[in-house]
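Each remark here refers to the structure printed beneath this line.
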Amino acid sequence: MIGRRFAFTVPFVAGKQRHRLDRRHARMYTPTETLRAERAIAAACREAMAEAGIQPLPFGPHEPVILNVDAYRPLPESRPKRVRSEPDTYKPDGDNEGKLVMDALNGLVWADDAQVVDLHVVKHPRVRGQAERMDISIAPGWSGRRDETEEI
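Under this note's numbering, the first residue of the sequence shown is numbered 41, with each subsequent residue one higher.
Given below as structure tokens:
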């Protein structure tokens with residue numbers, strides 16, 4: 041850990057699911073799988089923060105944060121043996137993976153996920169025998185990249 045930078049790993053890859061409608065009571069609810077995944081991510085983050093000596097909510101309410109999510113999944117056994125790796129173009133979508141992580145860390149790492157100004161989600165190629173996991177890293181700041189439309 042350098043300053044308030046830290047990283048942790050969760051042993052699964054998941055994306056934020058859409059809210060569902062309970063037709064009997066006409067109420068919206070978050071699917072159980074999503075809630076479990078958010079709790080697991082938050083628990084892994086709490087553990088990593090404790091090991092690094094970082095207190096909860098290390099970022100101020102309007103402080104910019106950089107979030108990196110790297111997703112790794114194995115190649116399915118059903119793929120032919122000659123195929124050793126392939127791009128991960130399957131569900132869950134990368135944006136839903138990022139949303140799940142951001143929502144899981146609300147109130148734990150930052151006050152609101154609107155503070156995440158630089159989000160990188162990378163779905164690495166699926167490789168035979170690779171363990172499924174998400175590597176998550178968090179850092180203060182802003183990358184400072186300029187918009188292509190901005191005049192120099």
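Ideal Cβ positions, reconstructed from N, Cα and C, are used throughout, including at glycine.
Assigned secondary structure, residue i (DSSP; H/G/I helix, E/B strand, else coil)
i: residue 163; result: strand
i: residue 41; result: Since pLDDT at residue 41 reaches only 39, below the 50 mark, its modelled position is unreliable, and no value is offered.
i: residue 141; result: helix
i: residue 154; result: helix
i: residue 192; result: Note that residue 192 scores a pLDDT of 48, beneath 50, so its modelled location is shaky and nothing firm can be said.
i: residue 135; result: helix
i: residue 46; result: strand
Same chain, Cβ closer than 6 Å to residue i, five either side skipped, listed in chain order
i: residue 180; result: 44
i: residue 160; result: 108
i: residue 47; result: 177
Residue i versus residue j - alpha carbon distance
i: residue 175; j: residue 168; result: 18 Å
i: residue 155; j: residue 104; result: 5 Å
i: residue 78; j: residue 49; result: 13 Å
i: residue 135; j: residue 148; result: 21 Å
i: residue 98; j: residue 90; result: 12 Å
i: residue 96; j: residue 120; result: 47 Å
Option in the options with minimal Cα separation from residue i
i: residue 60; options: 53, 148, 92, 69; result: 69
i: residue 165; options: 66, 125, 54; result: 125
i: residue 84; options: 151, 153, 145; result: 145
i: residue 152; options: 101, 46, 162, 90; result: 101
i: residue 142; options: 62, 74, 66; result: 74
Close beta carbons around residue i, own chain, < 8 Å, minus the five adjacent residues each side
i: residue 52; result: 77, 80, 172, 173, 174
i: residue 182; result: 104, 106, 157, 158
Own chain partners of residue i with C-beta closer than 7 Å, once the 5 adjacent residues on each side are dropped
i: residue 71; result: 57, 60
i: residue 163; result: 111, 128, 134
Note down, one range per segment and in chain order, each alpha helix (DSSP H) of at least 4 residues found wholly within the segment 58-129.
72-92
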